[in-house]
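Here the protein sequences come in this chain order: A and B.
For the first sequence, the working numbering begins at 40 and goes up steadily by one.
For the second sequence, the working numbering begins at 109 and goes up steadily by one.
Inspection log for the structure reproduced underneath, given as structure tokens.
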Amino acid sequence: MTIQKNRLSEETYQANFQDIHPPYRSEESAVREAHRCINCFDAPCTKWCPSGIDIPGFIRRIASGDDKGAARTIFTSNIMGVACSKVCPVERLCEGVCVFTLLKEKPVAIARLQRYAAEKALRRNWKLFEKGRSNGKRVAVIGAGPAGLACAHTLALNGVAVTIFEKEARPGGLMTYGIAAYKVTTEACHEEVDYILSIGGIELFCEKELGKDFTIKDLQSKYDAVFLSPGMGKTRRLGIPGETLKGVYDALSFIRRIRTEDRAQIEVGDKVVVIGLGMTAIDAATQARRLGAGEVTLVYRRSEVEKPCSDRELEIALLDGCRLLWLTAPVGIQGKEGKVTGLVCSRMKLGKKDSTGRRLPVVTGETFELECDMVIKAVGQEPLGDLFSGKDITDKNGKIVLDDHFMTCIPGVFAGGDAVNGGKEVVHAVQAGKEGAKAILGYLGR
Amino acid sequence: MADLRSTFLGITSPNPFWLASAPPTDKKINVLRAFEAGWGGVVWKTIGAQIRNVSSRYSGFSYRGAGPVGFNNIELISDRPAEVNLKEIREVMKAFPDRAMVVSLMTENNRESWHELVKKTQDTGVHGIELNFGCPHGMVERGMGAAVGQVPDIAAQIVEWVMETATIPVITKLTPNVHSVVPVGRAVVEAGSNGISLINTIQSVTGINLDTLVPRPEVGDHSTFGGYCGAAVKPIALKFLTSLAQDEVTGKIPISGIGGISTWRDAVEFILLGASNLQVCTAAMLNGFRIIDDLCEGLRNWMDEKGYKTIDEMVGLSLPRITRWEELDLNFHVVARIDQEKCIRCGKCYIACEDTSHQAVSLEAGRPYNVYTIKEEDCVGCNLCKIVCPVPDCITMTEQRKGAEYLNWSEFQRRNMPL
Ligand SMILES: Cc1cc2nc3c(=O)[nH]c(=O)nc-3n(C[C@H](O)[C@H](O)[C@H](O)COP(=O)(O)OP(=O)(O)OC[C@H]3O[C@@H](n4cnc5c(N)ncnc54)[C@H](O)[C@@H]3O)c2cc1C
Ligand SMILES: Cc1cc2nc3c(=O)[nH]c(=O)nc-3n(C[C@H](O)[C@H](O)[C@H](O)COP(=O)(O)O)c2cc1C
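Written as structure tokens, this is what we have:
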């Protein structure tokens, strides 16, 4: 058992990391699907879209051949319309409530149609928005992830001069460094960011970190308001013995390498165990398989009913040949000569409901060991916590706390995205950015 | 099992479906293929006058991507000499003696031309003649086609000339490009026409190429009014058919129904409103001759299910059901009912009624699904909700009479009742 790189041929790497939801090949196909939409009133899909896209509206426009109108309809509610069409777990959102599902028929392919129109706008570089006439206000945005970008765009649209500070070398946040490579490519992310910024009125500075290169105080003296959208921090620790052995990986760093390095250079094991069953765990497991890992097992402490990923995500992992152990919690990592040799697990059963209404796992007393050479931890990210304020703007879990006007307890400092909601999806972050911008505009008194 | 054999003006065919005079019946090769596929008969593409055609010739009209629901053409009659056509007709008849062979004719408006054309046509032994008084383009400008069919006197004159020499049944094909088809219909019947067929195509412009701004079908950078047909014209054809079938003069002679027949259901409707024979053009052009199987089988299955043995016993059964407006019962009243089990919460009934009708659907907001119910007291029974509903039988119209007696507008006025 070894952890090694160069497991596959270049062609196999290419094939394994292809787009899992390929776009329509032709306009005709999109139009044909668009005609399936029956144009519901007060449509469930729109209600279930966290960014409130007028879905029947954009689909009507595609159907009538007005792709530009469709793209504008999408971007008006969600400036990351291209990304969301590829990464949204639509089976839990718009498509999951399409009225056709009540007839046990296939939902309208909302995501694919959205991708068709939004990507066309990007490819053709349609200028759908113009920055508003300057109102002399300046706002600083921390983090160029989905929340920060959406906030900046709405502000620029309304005449505010925006400066984004991003600690990484490239913008996009987890779009660039986190989300599975077969959903979005890094180039596509950057094209999208460029397209968003093409509205004008937004300055982006990379490799500028709040808390290191400058403080909130510095910003307050130069800007009329600040929007914090730094996302979440590192993967949580398991808090079990053996976490420092060679072969124990943090899912986020593992995924980040897939997004930034040559795939052949990324080593994976013969027997990999992934701990957790959220989106990150699924992405880590499937991508490990796609990198050529021999055997991948996901261990999750609760049962299928409580699982945090969607059926479709689970299906991807299963189709990729990942194995799944329900009601299994890690209690220790075994090693030999500093290297991982196995994961000791405790068999669980379901107990009382927790605060989220899901039943809590409790130990049965039975334990067993899973042989493995690589362990990937994907048990959620830690909030960044109070890295920069000096003032307590977070709750006890480290999430930033907001008032009803999306403002932190520091006047003029707003926030949104994963840093506030504790880690949801891109679409929620976009919506938070939009809402934050509106709150800031209110605050700036326009 | 139902018997689909049909006799129209004494012309027999194994089923009532004939191909209408048009490209599908233009040449021997087409008609042989049609007969091999099982069509009961054909009306051979109009022959007579010499013409030239243009290119392009057709355009379609689509709605919500549902393929062409309407079809338009600017083609004229056969562009091959009559002699060639007649020779081929003879050959086809030899190969398929059991099928109906009717030939469509059109020529200059003088007795000699018509006599000559009728004679040489019937000399081939065909079963009948159809007079094309309906082509709405190209021929009109030369005083033929719809130019004839729009003027009762001229139409009657030509029918008289034809009847002077005809020894086989004569069908006159009428144009729908008139306010009422009855005056021309009566004129040709009184002039001796044995049967009537309708409709020919309706003048139309199907659309414009939005890049070049040239309407379709494009002939270089121009277009012209074309003749509209296909599924979209069925309702109009049924109306014309009904007017003729209900008329005391035209209703007495056999009518061949044409216009938008695409499925066996359409065929049944034409029969129920008075057609004893059916002609099809566009549906065959869009799908090929093989649809004859579905037409025959669907018709036969329906007849078996309803207990009809022959086509003839069904002809005109729905005619008494179309009456004048002032004879409708004002006390009849229906209200919509939504089956909550079937409802998929799309809200289409709500928005249609709220915006454009009587605000008779109520909305109870839900996440993500709203609940829609009918406010019976506000519902006028217009059917709009039922029409927009995507789920069959989800909305039903239930009878809630306003009064026991049958009270129509004529009676209402006679009794001087308050509005
Ligand atoms: C592995 C994984 C897979 C995922 N898959 C999906 C998916 O398929 N679909 C989906 O919808 N969502 C997915 N998500 C969630 C999604 O990526 C996030 O919800 C979303 O990116 C949050 O946006 P954000 O702008 O709040 O934060 P982020 O995307 O995290 O962006 C925050 C940005 O702030 C920068 N930053 C942080 N601190 C500082 C600082 N001090 N100074 C300056 N800049 C700073 C960061 O570098 C980063 O660029 C996934 C997440 C993970 C981890
Ligand atoms: C391309 C084309 C050419 C036609 N040519 C003739 C013709 O030569 N003579 C004629 O009587 N009707 C002609 N018609 C009319 C058809 O016979 C028929 O009356 C009409 O199309 C309506 O039937 P449908 O809806 O089934 O097509 C033509 C129709 C089309 C589409």
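Even glycine gets a Cβ: it sits at the ideal position worked out from N, Cα and C.
All values reported here derive from a predicted model rather than from experimental measurement.
Distance between N180(B) and A392(B) (C-alpha atoms, nearest Å): The count along the second sequence starts at 1 and reaches residue 392(B) at position 284. The count along the second sequence starts at 1 and reaches residue 180(B) at position 72. When rounded, the distance between both Cα atoms is 14 Å.
Check whether the Cβ of F453(A) sits closer than 7 Å to any heavy atom of ligand 1, and report yes or no. Reading the first sequence from its first residue, position 414 is the one you call residue 453(A). Answer for F453(A): no, Cβ out of range of ligand 1.
Based on the DSSP output, what are the partners of S364(B) in its beta bridges? Looking up residue 364(B) in the second sequence gives position 256. In DSSP, S364(B) forms a bridge with S305(B), N385(B).
Distance cut-off 7 Å: E183(B) Cβ against heavy atoms of ligand 2: In the second sequence, counting from the first residue as 1, residue 183(B) sits at position 75. Checking every heavy atom of ligand 2 against the Cβ of E183(B), one is found closer than 7 Å.
Within-8 Å CB hit, F253(A) to chain B: Taking the first sequence and counting its residues from 1, the one referred to as residue 253(A) is at position 214. Not closer than 8 Å to any Cβ of chain B, the Cβ of F253(A) fails to qualify, so no.
Local Cβ density within 10 Å of F244(A), reported as buried at 16 or more and exposed below that: The residue given as residue 244(A) occupies position 205 in the first sequence. It is exposed - the Cβ of F244(A) has fewer than 16 other Cβ atoms within 10 Å.
Tell me P176(B)'s beta-bridge partners as DSSP assigns them. Locating residue 176(B) in the second sequence gives position 68, counting from the first residue. Note: P176(B) sits in a beta bridge opposite S170(B).
Does the beta-carbon distance from V178(A) to L196(A) come in below 8 Å? Working through the first sequence from its first residue, we reach residue 178(A) at position 139. Working through the first sequence from its first residue, we reach residue 196(A) at position 157. No.
Exposed or buried, which one is Q43(A) when buried takes at least 16 other CB atoms within 10 Å? Looking up residue 43(A) in the first sequence gives position 4. So Q43(A) counts as exposed.
Measure from the C-beta of R172(B) to each C-beta in chain A and report whether the shortest distance is under 8 Å. Against the second sequence, residue 172(B) aligns to sequence position 64. Yes, R172(B) counts as interfacial toward chain A.
What three-state label does DSSP hand V147(A) in the structure shown? Mapped onto the first sequence, residue 147(A) falls at position 108. The answer is coil: DSSP assigns V147(A) none of H, G, I, E or B.
Would you verify that the beta carbon of I452(B) is, or is not, closer than 8 Å to some beta carbon of chain C? Of the chains in the structure shown, none is chain C; the protein chains are A and B.
Counted within 10 angstroms of its Cβ, other Cβ atoms place I59(A) as buried (16 or more) or exposed: In the first sequence, residue 59(A) corresponds to position 20, counting from 1. The residue in question, I59(A), is exposed, as its Cβ has fewer than 16 Cβ neighbours within 10 Å.
Could you check if W372(B) is buried or exposed, using at least 16 other CB atoms within 10 Å of its CB as the buried criterion? Here residue 372(B) refers to the residue found at position 264 when the second sequence is read from its first residue. By the 10 Å Cβ count, W372(B) comes out buried.
Would DSSP call T283(A) helix, strand or coil? Position 244 of the first sequence, counted from the start, is the residue given in the question as residue 283(A). It is coil, neither helix nor strand.
Interface flag, I77(A) vs chain B, CB-CB below 8 Å: The residue labelled residue 77(A) in the question sits at position 38 within the first sequence. So, interface residue.
Is F168(A) near ligand 1, judged by its Cβ being under 7 Å from some heavy atom? Against the first sequence, residue 168(A) aligns to sequence position 129. False, no ligand heavy atom lies under 7 Å from that Cβ.
Looking at I415(A) and ligand 1, is the gap between the Cβ and the nearest heavy atom below 7 Å? Working through the first sequence from its first residue, we reach residue 415(A) at position 376. Every heavy atom of ligand 1 is 7 Å or more from the Cβ of I415(A), so no.
Using a threshold of 8 Å, state whether the C-beta atoms of G182(A) and G270(A) are closer than that. Within the first sequence, residue 182(A) is the residue found at index 143, counting from 1. Within the first sequence, residue 270(A) is the residue found at index 231, counting from 1. A contact, by the Cβ cut-off of 8 Å.
L425(B): first and last residue of the uninterrupted beta strand (DSSP E) it sits in: Here the question's residue 425(B) lines up with position 317 in the second sequence. Here L425(B) belongs to no beta strand (DSSP E), and DSSP marks it neither H nor E.
Classify H60(A) as helix, strand or coil using the three-state DSSP reduction. As a position in the first sequence, residue 60(A) is number 21, starting the count at 1. Coil at H60(A), not helix or strand.
Express the C-alpha separation of F266(A) and V187(A) in angstroms, rounding to a whole number. By one-based count along the first sequence, residue 187(A) stands at place 148. By one-based count along the first sequence, residue 266(A) stands at place 227. Reading the sequence as shown, one finds Gly at residue 187(A) and not Val. Going from the Cα of G187(A) to the Cα of F266(A) covers about 7 Å.
Would you call the segment 212 to 220 of chain A and the segment 149 to 160 of chain A in contact, with 3 or more CB pairs under 8 Å? no
How about F116(B): is its Cβ closer than 7 Å to a heavy atom in ligand 2? As a position in the second sequence, residue 116(B) is number 8, starting the count at 1. Checking every heavy atom of ligand 2 against the Cβ of F116(B), none is found closer than 7 Å.
Cross-chain neighbours of P476(B) in chain A, by beta carbon under 7 Å: Along the second sequence, read from residue 1 onward, the residue named residue 476(B) stands at position 368. Going along chain A in sequence order, the residues near P476(B) (Cβ under 7 Å) are P83, K86, W87, V136.
Hey, would you say the C-beta of A375(B) is under 7 Å away from at least one heavy atom of ligand 2? For the purposes of this step, residue 375(B) is identified with residue 267 of the second sequence, where counting begins at 1. No, Cβ of A375(B) sits at least 7 Å from all heavy atoms of ligand 2.
Supposed close pair L364(A), I372(A) - CB separation, criterion 8 Å: Counted from its first residue, the first sequence places residue 364(A) at position 325. Counted from its first residue, the first sequence places residue 372(A) at position 333. No, L364(A) and I372(A) are not in contact; Cβ-Cβ is about 16 Å, not under 8 Å.
Would you report the Cα separation of R198(B) and T504(B), rounded to the nearest angstrom? Locating residue 198(B) in the second sequence gives position 90, counting from the first residue. Locating residue 504(B) in the second sequence gives position 396, counting from the first residue. Whole-angstrom Cα-Cα distance: 55 Å.
Between F80(A) and chain B, is any beta-carbon pair separated by less than 8 Å? Within the first sequence, the letter at position 41 stands for residue 80(A). It does: the Cβ of F80(A) has a partner Cβ on chain B nearer than 8 Å.
Taking the continuous alpha helix (DSSP H) assigned at N490(A), which residues delimit it? Summary: the structure shown does not reach residue 490(A), with chain A confined to residues 40 through 485, and so no result is reported for it.
Return yes when at least one heavy atom of ligand 2 lies under 7 Å from the C-beta of N385(B), else no. Mapped onto the second sequence, residue 385(B) falls at position 277. Incorrect: N385(B) has no Cβ contact closer than 7 Å to ligand 2.
On a CA-only basis, which of P280(A), D289(A), Q259(A) is nearest K273(A)? Give me that one, please. Start at 1 with the first residue of the first sequence, and residue 273(A) comes out as number 234. Among P280(A), D289(A), Q259(A), the Cα nearest to that of K273(A) is on D289(A).
Would a check of beta-carbon distances place P260(B) closer than 8 Å to chain A? Counting from one through the second sequence, the residue named residue 260(B) turns up at place 152. By this cut-off, P260(B) is not an interface position.
Of all Cβ atoms in chain B, is any one closer than 8 Å to the Cβ of L353(A)? On the first sequence, residue 353(A) is found 314 positions in, with the first residue counted as 1. Cβ-Cβ to chain B under 8 Å: no for L353(A).
If you draw a straight line from the alpha carbon of L515(B) to that of E268(B), how long is it in whole angstroms? Here the question's residue 515(B) lines up with position 407 in the second sequence. Here the question's residue 268(B) lines up with position 160 in the second sequence. Their backbone Cα atoms lie some 47 Å apart in a straight line.
Got a sec: does ligand 2 put a non-hydrogen atom nearer than 7 Å to the Cβ of A130(B)? Locating residue 130(B) in the second sequence gives position 22, where the first residue counts as 1. Because some heavy atom of ligand 2 lies under 7 Å away, the Cβ of A130(B) counts as near it: yes.
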